[in-house]
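From first to last, the protein sequence lines are chains S, D and U. Here the first sequence is numbered in numbering that gives the first Met the number 0, starting from 0 and rising by one per residue. Here the second sequence is numbered in numbering that gives the first Met the number 0, starting from 0 and rising by one per residue. Here the third sequence is numbered in numbering that gives the first Met the number 0, starting from 0 and rising by one per residue. Using N, Cα and C, we set each Cβ at its ideal position, and we do this for glycine too. Please read the structure below before turning to the comments.
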Amino acid sequence: MSAQAHPESINVKLHLWRQAGPEDPGSFEKVELKDISTHMSFLEMIDVANEQILEGGGVAVCFDHDCREGICGMCSMVINGQVHGPEPGVTTCQLHMRSFADGDEIYVEPFRASGFPIVRDLVVDRSALDKIVMAGGYISVNTGSPQDANSMLVPKDKADLAMDAAACIGCGACVAACPNAAAMLFTGAKVSQLALLPQGQPERASRVLGMVDTMDSLGFGNCTNEYECMAACPKEIDVSNIARMNREYLRSSIGSAEGV
Amino acid sequence: MLSWLTRTARSSIGRKAVVALTGLALIGFLVVHLAGNMTFFADSDGATFDAYADTIGNNPLLPLAEIGLVVLFLVHMGLAVRLTLENKKARSKGYMVSKAHGGRTPGSRTMIFTGVIVLLFVILHLAHFRLQKGDDVSMASLVRFELSRPLGAGAYVVGLLALGLHLSHGFQSSLQTLGLNHPKYTPLVKVLGYGLAGLLTVGFLLFPLTIFFGGNS
Amino acid sequence: MTNFDSKCPTGPIEDRWTKHKFDLPLVNPANRRKFTVIVVGSGLAGSAAAASLGEMGYNVLNFCIQDSPRRAHSIAAQGGINAAKNYRNDGDSVHRLFYDTVKGGDFRARESNVYRLAEVSNNIIDQAAAQGVPFAREYGGLLDNRSFGGAQVSRTFYARGQTGQQLLLGAYSALMRQVSAGTVRMFPRREMVDLAVIDGQARGIVVRNLITGEYERYAADAVLLCTGGYGNVFYLSTNAKACNVTAAWRAHRRGAYFANPCFTQIHPTCIPVSGDYQSKLTLMSESLRNDGRVWVPKQAGDSRKPSEIPEQERDYYLERRYPSFGNLAPRDVASRAAKVECDAGQGVGPTGQAVFLDFRDAIARDGKPVIEAKYGNLFQMYEMITGTNPYEVPMMIYPAVHYTMGGLWVDYNLESSIPGLFVLGEANFSDHGANRLGASALMQGLADGYFVAPSTVTVQIAGRKREAVTTEHEVFAAIEHEARERNTKILGVRGSRSATDIHRELGKIMWEKVGMGRNATGLAEAAKEISALREVFWNDVHVSGDPNHLNPGLEHAARLADFLELGEFFALDALHRNESCGGHFREEYQTSEGEAQRNDEEFSYAAAWEFQGVGQKPTLHKEDLSFEYVKLATRSYK
């Protein structure tokens, strides 16, 4: 990336998805932008586009964003068919215009999944992910006086694997990129994090059963092991977490007394 | 009493696991089938092959095994079709611009299509060698007859290539679905999956190709 | 108007919190469900409080502006969280953490609060570990620690570079458990637009549903504001775009005192501004200064490549000015030093507003693999943003607004000057004085949310009489009407300037005149300019779309309207504080060596301001600060 020389600014033709509400069919709005600095982030480029739309008397495009440093999981765009754009391991807000060339046509679409209904323009409703967590993505411990933190040993390799899974920012890129709009990487990551840790053992079986059943009920598809999710994931969460969830699920549904 | 079982069988992961298990069982069948078929090349008059076919044909347990295979096949197909329909529904409106950049392969993309082709192929195959075969014809000569016709050989080539493509994704995918993912073994499984798919395809392809191009010698 | 009641307990400092908890009224567990508590915000303080109150049995309503409570900006904290566990056997203790925090805050925090913070710090780690927060571990399975700025002990717990994320997800999971259990009702994409004060008590809020544009009213027995800081008054800061002062400012307008707004932390190691389009600033972890050397060329305007500038023509100004701390000088000191160099024309980069952070010597000494193992992720992030490779070219950094120590005034119970209104986390002013030490924001948010507020809300719930109130009450109708009118007015201007444009101008005034170096002339000018800009806003802002659907432009403009009131007030507070301390540096009050000069005689107090109307001078209430346990001393890092 650094070795290449980039032009300081480029012109791009932007096609922004506009949709007034869930029932509206929606269409692309074309915005031509001149002299876009290649140091801009993708969202800053959208900001510029919005300013231009405002100046032309139009209505600014709605898009989700917040921290603009790749951790809140709010930004959610599909750029030229790729969730979070062409660079691996980044969110849309971390994508910069130096990844594009002068004259590029850029199509920006919302995440498309039946589990994520469109709210407006590029904004979708991802509350389904909260519902999956509500179904067991926690350890039942009340605020109070748990034992001293060091009284429970966690092997470093397990802690590291749990952290790899816990790095999920809940953006839903996995769902958006999945050919089947499945939420298995998201769910698998949370199941894995807690199944790997000793703290998670008491509720290990009920957790995975509850979370998977809820996930199934929310209109997500089924994993066909094509790993588009992992490629789109800004935190590069591994699909071995899906395998672990599958294992945990079968172990809990068939191999445990849970859910009799 | 068995609510846990129905719950599992209705869940995404439970159904996927059944598809994976039936798929693996069918792969097992293919391996045995190919091994047996290889007797075809043991001698030039097909005596060994005919003897092998007769042994199987006269086995009183054959209908049971056949029913088992049919059940495996139907369950595998039925669930796969249902899962695929659900998957389509989960993305009711597709992207205007779409570009895969992950692990999608020609095999993984086409599972449902290659599956349908394999189904048609299996029907054809059964029609040729199971349902129509009279007692007076030897299996080896029947095979030669069917596969020396351009249409017959062509159908087999297409069917087997579809099967190979199906297995190129199916084998490794089954193990992932069953939760068998391991940093040491998963890379090997991937290679093994392609190897197995290639081996089975090439193995079975020997029949239409050698017969069609080898004449009636 | 001096010294009003902070309700701090007396007696030995180590017994105060225990004693105070015993003196607080209690609510019978079976009765708790009859009481409704509103929690606004879902960051560390908000989600911890909502979850804990839900677990206790209260009927909790939790509001957040994002689509999910997990997205609150606490998620972005990188470094770690302090606790006085003394797992390292290096002499740490509750008292030492208390001492470091009071001193680090440049003696402008309340001792009793800080001690309590240090005391409950250990419970936070236990709580988080029990929730499954994947803290870094040693090979033996015990928790790992690292050291952090401003302390000489290793007391910082961390989860890679995502400690805030992991702690927030821990609190979020506890919250989701309560939502599932039905004790907490979650209201995402709601923005609090006003506070209902009825019979002198905070009894509810009005929110705008950001999806439908509808106004919704909620009544309660107590209201907890956990709405974060106001750093975005500078437009550019390390805060998330949606971080805003509106909830706190609305409460302030309804009578809650706002304390020490001028105490704002400027973090020294951020990626510099690259152009006018810049929408936010990205923090690079402070840990980089362990191995990177900060320098500028000696010759102003030197346009050579950094690698071509020979050693003798480089000024390693932190090492020169602070030989004993060198590149590890505290945040406020390092930030100011960078400003001094850039103001003198030594700054580098296209804008001249940056200094080098150079790893050349560390790479030569330890080898690239060692540096990569320590900072690989950060180097990658830097390269992703700037497009240059920091292994080959020195990083360029510049200070940026990061955290606000000031906030709504609260007493020891975290209750504001409006009875029934509690303020937690960064939104209050209480624990960090004039400067916050690294790894203590997470600590305070969680301490307030898990351990303090759930105990102290009983002063309102059980301790005071009040009438039953419904949302039909006339106060609700009045404030809803007001909020609706305000947005209608904003939309109706249809002027020529976007909210972003005006916000950028506000930020420029704030940064130049109310930023790292302040003086009386500049502050007075700033107050005037902001007041004028407020007029521009109300006469010339342009917001597109309608009020009755998702309209981020309207949300931004409404928040900006409050920032435009806060900005002027901020400048006035900075103007009134005739001393330099912590994050507040008044150029008139410095030593001959250019260091901050505190004035304990006249300014050893928290300035709690009472709102008197827009553009009117607020009334000052002084809470005198006394230091019984940590002796007043000048901080020196020479």
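Using a Cβ-Cβ distance cut-off of 8 Å, the segment 49-59 of chain S and the segment 62-76 of chain D are not in contact, since fewer than three pairs of beta carbons, one from each stretch, lie closer than that value.
In the three-state DSSP reduction, residue 7(U) falls in the coil class, being neither helix nor strand. Taking all protein chains shown into account, residue 185(S) has 16 or more neighbouring C-beta atoms within 10 Å of its C-beta and is therefore buried. Between residue 158(U) and residue 165(U), the C-beta spacing is below 7 Å.
Of the residues 160(S), 217(S) and 125(S), the one whose Cα lies closest to the Cα of residue 189(S) is 160(S). Here DSSP, grouped into helix, strand and coil, assigns residue 114(S) to coil. Contact annotation: the segment 113-125 of chain U touches the segment 450-470 of chain U, with at least three C-beta pairs closer than 8 Å. The Cβ atoms of residue 563(U) and residue 229(U) lie no closer than 7 Å to each other. A straight line joining the alpha-carbon of residue 605(U) with that of residue 619(U) spans about 10 Å. In this chain, the alpha helix (DSSP H) harbouring residue 82(D) covers 61-89. Bounds of any alpha helix (DSSP H) do not take in residue 630(U), whose DSSP letter is neither H nor E. In the three-state reduction of the DSSP assignment, residue 413(U) falls in the coil class, being assigned neither a helical nor a strand state. The C-beta of residue 233(S) comes no closer than 7 Å to any C-beta of chain U. In the structure shown, residue 194(U) falls within a strand segment according to DSSP collapsed to helix, strand and coil. The same chain holds no residue with a CB closer than 6 Å to that of residue 359(U) once the five nearest residues on each side in sequence are set aside. Assigned with DSSP and collapsed to three states, residue 278(U) falls in coil, not helix or strand. Annotation for residue 298(U): 312 place their beta carbon closer than 8 Å to its own, counting only its chain and skipping 5 residues before and after. When DSSP states are grouped into helix, strand and coil, residue 55(U) belongs to the helix group. Listed in chain order, the beta strand (DSSP E) runs fully inside the segment 144-195 of chain S amount to none, counting runs of at least 3 residues. In the assembly as shown, residue 0(D) is an exposed residue. Its beta-carbon has fewer than 16 other beta-carbons within 10 Å. Contact holds between the segment 43-54 of chain U and the segment 174-183 of chain U, because three or more Cβ pairs, one in each stretch, are under 8 Å apart. Taking residue 278(U) as reference, the option from 234(U), 291(U) and 263(U) with the minimal CA-CA separation is 234(U). With contacts defined as CB atoms closer than 7 Å, residue 432(U) and residue 83(U) fail to qualify as a contacting pair. Residue pairing by DSSP places residue 296(U) opposite 313(U) in a beta bridge. With a beta-carbon spacing of about 16 Å, residue 206(U) and residue 183(U) fall beyond the 8 Å limit used to define contacts. When Cβ pairs closer than 8 Å are counted between the two stretches, the segment 29-36 of chain S is seen not to touch the segment 240-257 of chain U, the count staying below three. Contact between residue 210(U) and residue 118(S) holds, since their C-beta atoms are separated by about 6 Å, short of 8 Å. Judged by beta-carbon spacing, residue 74(U) lies within the 7 Å limit of residue 70(S), meaning their Cβ atoms are closer than that value.
Non-local C-beta neighbours of residue 596(U) in its own chain, meaning closer than 6 Å and more than five positions away in sequence, comprise 579, 588, 589 and 590, ordered along the chain. Under the 8 Å Cβ criterion, the segment 6-20 of chain U counts as touching the segment 391-411 of chain U, having at least three qualifying pairs. By the C-beta density criterion, residue 21(U) is exposed, having fewer than 16 other C-beta atoms within 10 angstroms. Check the Cα spacing between residue 76(S) and each of 231(S), 243(S) and 252(S): the tightest is with 231(S). Under the 10 Å beta carbon count, residue 70(D) is surrounded by fewer than 16 other beta carbons and is classified as exposed. When beta bridges are read from the DSSP output, residue 136(U) appears opposite 142(U).
A direct Cα-to-Cα measurement between residue 145(U) and residue 17(D) gives close to 48 Å.
In the three-state scheme derived from DSSP, where H, G and I count as helix and E and B as strand, residue 356(U) is classed as strand.
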